[in-house]
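In full-length UniProt numbering, the protein residues as written are 1 to 92.
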């Protein structure tokens, strides 16, 4: 248990920060899920639209330190590849 005034304040700040970070992480997951659901449904237009909304959310989460920058970059890259593959005409 925090004894000093500064330690008590620090625990309050950490609790507030945790709530904000949880909300941001949840928001990112929602946007990513929307892209994945559109991909699973095979709807290229909806997937592209959802991806364009998810991309800045991931970048924002990385800039705020909610997710690691490389993690956000990797997720964006993989989602972009999947959206591109879905919207590309099948050639074979």
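Just so it is clear, CB atoms sit at the ideal spot from N, CA and C, and this is done for glycine as well.
So does the stretch 79–87 actually touch the stretch 43–52, counting three or more Cβ pairs closer than 8 angstroms? yes
Grouping DSSP H, G and I as helix and E and B as strand, with all else coil, what is residue 3? coil
What residue does the alpha helix (DSSP H) around residue 69 start on, and which one ends it? 69–87
Touching or not, the stretch 1–14 and the stretch 29–43, by the rule of three or more beta carbon pairs under 8 angstroms? no
Just how far apart, CA to CA, sit residue 76 and residue 1? 41 angstroms
Secondary structure of residue 35, DSSP reduced to three states: helix
Alpha-carbon to alpha-carbon, residue 67 and residue 78: 16 angstroms
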